[in-house]
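Numbering (this note's numbering), first residue to last: 240 to 335. We treat Cβ as the ideally placed atom computed from N, Cα and C, and that holds for glycine. Just below is one structure, and these are the notes that go with it.
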Amino acid sequence: MKVINFKTSQDVNKAILELKAEYGSKLFKTITADNGSEFSELNKVHSEVYYAHPYSPWQRGSNENNNGFLRRVITKGKAISSFPEEEIYYVNDIMN
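Below, the structure is given as structure tokens:
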């Protein structure tokens, strides 16, 4: 499981590059992010990056849908790190 230690643009970019190295450069066709500072430099590691407008969750439809699936198991306020890795993989399999 890939863990990003800090919410910085450098750490997010490093994680994206590691994923591309592991799974291939065609892993992502596009990336749609919110306007958090941790996503501010995505265009340095990917060519097609789109930023959703604030308070417009419909512009990140698959993200919001996946959050809904996760929240059925990992309720708000609980740390994902408190769940066994097997359970996280099980939820991931269901989502896919």
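- Proximity to N304 across M334, E261, E257 peaks at M334, based on C-alpha coordinates.
- Shortest Cα-Cα distance from H285 to any of K259, E326, N331 involves K259.
- According to the DSSP secondary-structure assignment, I270 is paired through a beta bridge with V288.
- Using a 10 angstroms sphere on the CB of I255, the tally of other CB atoms reaches 16 or more, which defines it as buried.
- Burial state of F278 is buried, judged by a 10 Å Cβ sphere holding 16 or more other Cβ atoms.
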